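S.K.: The listed protein sequences derive, respectively, from chains A and B. For the first sequence, our numbering begins at 68 and goes up steadily by one. For the second sequence, our numbering begins at 129 and goes up steadily by one.
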Amino acid sequence: MSSRDFWRATALSLVFLTVLLGVWHLATLPKQQASAANDEYAKLMGKDTKKTEGLPTPAQVGETAWKHLADPFYDRGSNDKGIGIQLAYSLARVGLGYVLAILFAVPLGFLIGMSPLMHRALDPFIQVLKPISPLAWMPLALYTIKDSSVSGVFVIFICSVWPMLINTAHGVASVRRDWLNVARTLEVKPVRKAFQVILPAAAPTILTGMRISMGIAWLVIVAAEMLVGGTGIGYFVWNEWNNLNLANVIFAILTIGVVGMALDLAIGRLQKLVTYVD
Amino acid sequence: MSAFNNPFSPDVRLGAACGCGKHRSRVEHDAEAATLRDEPAGNDTEMLNGRVIQSAVMRALFPRDETRRRFLAAVGSSGALAAVSSVVPFGALEAMAQDKGALEKKDLKIGFIPITCATPLIMADPLGFYRKQGLNVTLNKTAGWALIRDKMLNKEHDASHFLSPMPLAISLGLGSAAQAMNVATIQNINGQAITLHVKHKDKRDPKQWKGFKFAVPFDYSMHNFLLRYYVAEHGLDPDTDIQIRVTPPPEMVANLRAGNIDGFLGPDPFNQRAVYDEVGFIHILSKELWDGHPCCAFGVSDAFIKENPNTFAALYRAVLTSAAMAREARNRQLIAEVISPPNYLNQPVTVVEQVLTGKYADGLGNVKNVPDRADFDPFPWHSMAVWILTQMKRWGYIKGEVDYRQIAEKVFMVTDARKHMAELEMKAPARSYAKFKVMGKEFDPAKPDAYLASFAIRKAA
């Protein structure tokens, strides 16, 4: 992309953003309040204070965002923590479940990719387990694991395992025959073959699987935390939903989006490192 | 917070109104006074709790604030303390509030749902009643009743806010594996309501509710049983004529706004919140169905009590202290303020205040004044448990013969409640069974089967 194209795209993005904010602003302009006849009633209905009616305006969301970002690490008791702490909890859960999934899926993927027999034997299990919504595991996990926090990690594990497993198996199975034949001619030991021939060859496909998994894991953690509560960005959304505080909810949605994008970019970088040209 | 001011100072008023007349309420007055005095709020709980007891005694001795102030001005505050101490054993009262045996476990996790029903167990945290008993309690806000049950069953929580039918259901193994669970105290009585969507303003007669969708917090809840009772009394079969769905209380208002439900029989503050957000109106308070009905409970498992008897006793005292304070109408405003922040209910103070003080907007343009809209009588009547069991049987949750008394007496801990209430000089009734009326119809706990047989609408056995 030439630098001229870049600037044109950026300008267009800014135009879209302005239009979006403008429409949002106009749509949420506060309506003129009819003055209530009964003052006491109006007071009980919160008419005398600044009460948000319906969707908040962009300015209100901006104000809320500023308030959260100015003090992201406050801790006012077990159920009221800053956005930074909540994000840290979510990221820790995702990280843990995700690493466990890598440790499980990559070796198993190798096995399946290298052995057509195992591939056929395990395929029915994978096909049945893959489409299950990770949240459907939650009641079972809570009952067997007996710890809601670990159950959350388990749900992340179970949802990020399948794309990695399938991509690893696929990547390993489609390593070019020539390279394997060369390795065989040179009498390379199996372990060395796995690490020095197959792994580098399959790495781009494996990383693609990991990137998909990360996307799913980040989607699922929000839902899982809304379900189990306690801590995390999903709990934050749920807690503000209880209070019908949409400005906070919108701020949380934007935060989730930005963090998700950052995670995706990070794995995208990794992917570039291992990509090769034939 | 006048409860924490020195009651031996003639400058302090113990009444409800603002002393200087410059503030709208006493709370505001005290807040400003506290900042002027530069008092650190609430860090010395020992002293604060001593003050609470002293204030209570002084109020009892001098019901008229004027008299107390004149007395203090005459003899001086230290003289007054000495004089009053000679008749009232402050030390003993304070020691009574402290633990007798060594605590087996000090760090406790207690689950709660963010509703005003849990007021006593929530306020005990910001007001320091747990710390006073030597307990380090973490209150865990929980997303729904099923999770409350699961977290108690798997021992993530040491004690919990429950719906009062839940320990009965769990002990019987209904809807979960059976585990012996107990109701140590009732958390609150009354305090619920049927809220309808504003579009149903002209459908005040339940006979017009055919096909309505209602939300209740849980299958094993007073809300479910009261809603079923109410519509059945008006000739509707709750299983076929209306739809009842389980929705966590915090999600009820959002669902009402979205039109997913036509109304709910739910806990406050969500009835009031629906009014505040102009999506619903309060059709009827649960108090008008059964005045004094139990709602939520404070529960612990059998195993916890056996392993931690002293901790359990300390916890019991903390929650009862809260209940005693919450019963007093003059404390309600202060309580609304301490339980509304994001760490607890996460609601506007005015909404919680309307629930607790009983002066509220009904969503139809009227201001109502019902001081006992919500109350916090902790005594776990066995007759309440028997009524709950009759309704569980009526709607098919329990099948077969039920030994009402045996189950009620096992789960509802009347003896313990009486003992700990006596320690705190709270009045506990001598009986544990009493007749009461639900929608004008008398319930006799001695004849549960006859009561059950008297209903025309019920699930066929």
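For each residue, glycine too, the CB sits at the ideal point set by N, CA and C. Bear in mind that the values here come from a model prediction, so they are computed numbers and not experimental data.
Measure the C-alpha to C-alpha separation of M277/A and A502/B and round it to an integer number of angstroms.
M.R.: Cα to Cα, M277/A sits roughly 54 Å from A502/B.
S.K.: Quick one: Cα of A581/B to Cα of Q307/B, how far?
M.R.: Rounded to the nearest angstrom, the two C-alpha atoms are 30 Å apart.
S.K.: Name the chain B residues whose beta carbon is nearer than 7 Å to that of W305/A?
M.R.: Correct list: A271.
S.K.: Between the Cα of Q371/B and the Cα atoms of A402/B, F504/B and K338/B, which residue gives the shortest distance?
M.R.: Taking only the C-alpha atoms, the option nearest Q371/B is K338/B.
S.K.: Which same chain residues end up closer than 8 Å to N212/A when comparing Cβ atoms and leaving out the 5 residues on each side of it in sequence?
M.R.: Residue 212/A is actually Ile in this sequence, not Asn. Excluding sequence neighbours, I212/A sits near S218 and F221.
S.K.: Between A451/B and F504/B, is the Cβ-Cβ spacing less than 8 Å?
M.R.: Taking 8 Å as the Cβ cut-off, A451/B and F504/B qualify as a contacting pair.
S.K.: Given this structure, state the Cα-to-Cα distance separating P183/A from F177/A, to the nearest angstrom.
M.R.: Between P183/A and F177/A, the C-alpha separation is close to 11 Å.
S.K.: One question on the structure: do M231/A and I317/A come within less than 8 Å of each other, judged by their Cβ atoms?
M.R.: No.
S.K.: Identify the residues that DSSP records as bridge partners of V424/B: which are they?
M.R.: With the sequence shown as reference, residue 424/B is identified as Cys, and Val is not the correct amino acid for it. L291/B, per the DSSP bridge assignment.
S.K.: Which residue marks the beginning of the alpha helix (DSSP H) containing G335/A, and which one marks its end?
M.R.: First-last of the alpha helix (DSSP H) with G335/A: L313 to V341.
S.K.: Using the Cβ count rule (16 or more neighbours within 10 Å means buried), how would you classify T163/B?
M.R.: Bear in mind that a pLDDT of 45 at T163/B, under 50, signals an unreliable position, so the number given afterwards is only what the model happens to contain. So T163/B ends up on the exposed side.
S.K.: For the 8 Å Cβ check, are there 3 or more pairs between the stretch 327-341 of chain B and the stretch 540-557 of chain B?
M.R.: Segments in contact, no.
S.K.: Distance, Cα to Cα, T375/B vs N388/B?
M.R.: Whole-angstrom Cα-Cα distance: 11 Å.
S.K.: Could you tell me which chain B residues have their CB closer than 7 Å to the CB of E107/A, listed as they occur along the chain?
M.R.: The answer, in chain order, is V495.
S.K.: Residues bridged to T313/B by DSSP?
M.R.: According to DSSP, T313/B bridges with F426/B.
S.K.: Use the C-beta contact count for N264/B: other C-beta atoms within 10 angstroms, 16 or more gives buried, fewer gives exposed.
M.R.: Looking at its Cβ environment, which holds fewer than 16 other Cβ atoms inside 10 Å, N264/B is exposed.
S.K.: Are the beta-carbon atoms of L154/A and V326/A separated by less than 8 Å?
M.R.: In contact: L154/A and V326/A (Cβ atoms closer than 8 Å).
S.K.: Is there at least one Cβ from chain B nearer than 8 Å to G144/A's Cβ?
M.R.: Closer than 8 Å to some Cβ of chain B, the Cβ of G144/A qualifies, so yes.
S.K.: Please report the straight-line C-alpha distance between F353/B and H510/B, rounded to a whole angstrom.
M.R.: The alpha-carbon atoms of F353/B and H510/B are separated by roughly 17 Å.
S.K.: Looking at the structure shown, is F590/B part of a helix, part of a strand, or coil, going by DSSP?
M.R.: Chain B is shown only over 129 to 589; residue 590/B falls outside these bounds and no answer can be derived.
S.K.: Runs of 4 residues minimum, wholly inside the stretch 360-443 of chain B: which ones carry the alpha helix (DSSP H) assignment?
M.R.: Here the runs fully enclosed are 380-386, 398-404 and 430-435.
S.K.: Can you tell which of A270/A, L286/A, A94/A and A172/A has its C-alpha closest to the C-alpha of V344/A?
M.R.: Nearest of A270/A, L286/A, A94/A and A172/A to V344/A, Cα basis: A270/A.
S.K.: Could you check the C-alpha separation between V479/B and Y404/B for me, to the nearest Å?
M.R.: Using only the alpha carbons, I get a separation of about 7 Å.
S.K.: Could one say the Cβ of G149/A lies closer than 8 Å to chain B's Cβ atoms, at least one of them?
M.R.: No - not a single Cβ of chain B is within 8 Å of the one on G149/A.
S.K.: Are V477/B and L111/A closer than 8 Å when you measure CB to CB?
M.R.: Contact flag unset, no.
S.K.: Any C-beta of chain B sitting closer than 8 Å to the C-beta of K114/A?
M.R.: No, its Cβ sits nowhere closer than 8 Å to a Cβ of chain B.
S.K.: Could you tell me which uninterrupted alpha helix (DSSP H) segments, each at least 4 residues in length, are contained entirely in the stretch 245-290 of chain A, listed from first to last along the chain?
M.R.: With a minimum length of 4 residues, the continuous alpha helix (DSSP H) runs that stay inside the stretch 245-290 of chain A are 257-260.
S.K.: Measure the alpha-carbon distance for D390/B versus S414/B and round it to whole angstroms.
M.R.: Taking the straight line from one Cα to the other gives about 18 Å.
S.K.: Short of 7 Å in beta carbon distance, which residues of its chain neighbour L267/B, apart from the five on each side in sequence? Order them along the chain.
M.R.: Same-chain partners within the cutoff: I238, F240, I250 and D253.
S.K.: So, under 8 Å CB-CB, V239/A and M181/A are touching, yes? Tell me the CB distance rounded to an integer number of Å.
M.R.: Rounded, the Cβ-Cβ distance is 6 Å, consistent with contact.
S.K.: So, helix, strand or coil for R238/B, using DSSP?
M.R.: Here residue 238/B turns out to be Ile, not Arg, going by the sequence shown. Strand.
S.K.: Taking buried to mean at least 16 other C-beta atoms within 10 Å of its own C-beta, is R75/A buried or exposed?
M.R.: Its Cβ having fewer than 16 others within 10 Å, R75/A is exposed.
S.K.: Terminal residues of the continuous alpha helix (DSSP H) containing H186/A?
M.R.: First-last of the alpha helix (DSSP H) with H186/A: P183 to L196.
S.K.: Using DSSP with H/G/I as helix, E/B as strand and the rest coil, what is I322/B?
M.R.: In this structure, I322/B counts as strand in the three-state DSSP scheme.
S.K.: Within 10 angstroms of its Cβ, does Y579/B collect 16 or more other Cβ (buried), or is it exposed?
M.R.: Counting Cβ neighbours within 10 Å, Y579/B comes out buried, since at least 16 surround it.
S.K.: Exposed or buried, which one is Y488/B when buried takes at least 16 other CB atoms within 10 Å?
M.R.: Counting Cβ neighbours within 10 Å, Y488/B comes out buried, since at least 16 surround it.
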